[in-house]
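In terms of the numbering used here, the sequence shown opens at residue 6 and continues consecutively.
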Amino acid sequence: MSTTTTPASTSTTGTTRTRKIVAFSAAGVAVAGIVTGLVIGFSSGSTTPTTPQLAPISHSTGYVPSHSVTPAKPVTPVAPSAAVETLQKELGQLNYYEGPVTGVVNAQTTQAITYLQRDAHLPQTGTMNAATQAALANFLANGNNQMGG
């Protein structure tokens with residue numbers, strides 16, 4: 006007696022139908038989330054944040070100042086200094102300063118001082134002090150071998 010087995014037919018329509026239901030369900034959940042977000046966003050009534058209202062300031066104290074206020078004087082330019090000129094030249098000798106020697110501290114001078122302080126392992130303030138002056142004198146006398154390797 007010979008028996009033949011035939012493979013059971015698998016229905017792909019059931020699997021496809023399940024996939025479609027899952028896809029539509031996921032899309033429905035996504036749409037519901039979007040709609041909920043929009044409803045919550047628009048339900049506040051206004052789109053601008055509310056700011057607290059401050060009480061008006063009352064100047065009725067009866068106080069009258071005893072002096073008059075004069076406008077500020079215009080800023081006068083700083084006169085060039087021989088010491089700053091020397092500083093700019095010395096910083097230039099060490100390749101920290103590449104700007105014009107004007108005798109007036111400018112942004113390039115401050116930056117050059119900061120670089121000198123960095124290489125001398127000092128606090129980088131951008132202003133000259135005793136420690137920075139000593140480091141400058143040391144670098145001028147002995148050279149700055151920070152890039153030496």
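Heads up, the beta-carbon is just placed ideally off N, CA and C, and yes, glycines get one too.
Query, Result
"Straight-line CA distance for Ala-77 to Ala-112?", "25 Å"
"Here's the rule I'm using: 16 or more other beta-carbon atoms within 10 Å means buried, otherwise exposed. How should Gly-154 be labelled?", "Residue confidence for Gly-154 is low, a pLDDT of 43 falling below 50, so the modelled location carries little weight; the figure read from the coordinates is stated next. By the neighbour-count rule (16 or more Cβ atoms within 10 Å), Gly-154 is not buried but exposed."
"Which residue from Gly-108, Ala-142, Val-106 and Arg-22 puts its Cα closest to that of Gln-122?", "Ala-142"
"If you measure between the beta carbons of Thr-107 and Gly-131, is that distance less than 7 Å?", "no"
"Ordered along the chain, which non-local residues of its own chain (more than five positions away) have a Cβ less than 7 Å from that of Tyr-101?", "Ala-117, Tyr-120 and Leu-121"
"Buried or exposed: where does Thr-81 fall if 16 or more other Cβ atoms within 10 Å of its Cβ makes it buried?", "exposed"
"Rounded to the nearest angstrom, what separates Gly-104 and Ser-73 at their Cα positions?", "44 Å"
"Could you give the DSSP three-state label for Asn-143: helix, strand or coil?", "helix"
"Quick one: is Gln-138 buried, meaning 16 or more other Cβ sit within 10 Å of its Cβ, or exposed?", "exposed"
"Label Gln-93 either buried or exposed according to how many other C-beta atoms from any shown protein chain fall within 10 Å of its C-beta, with 16 as the threshold for buried.", "buried"
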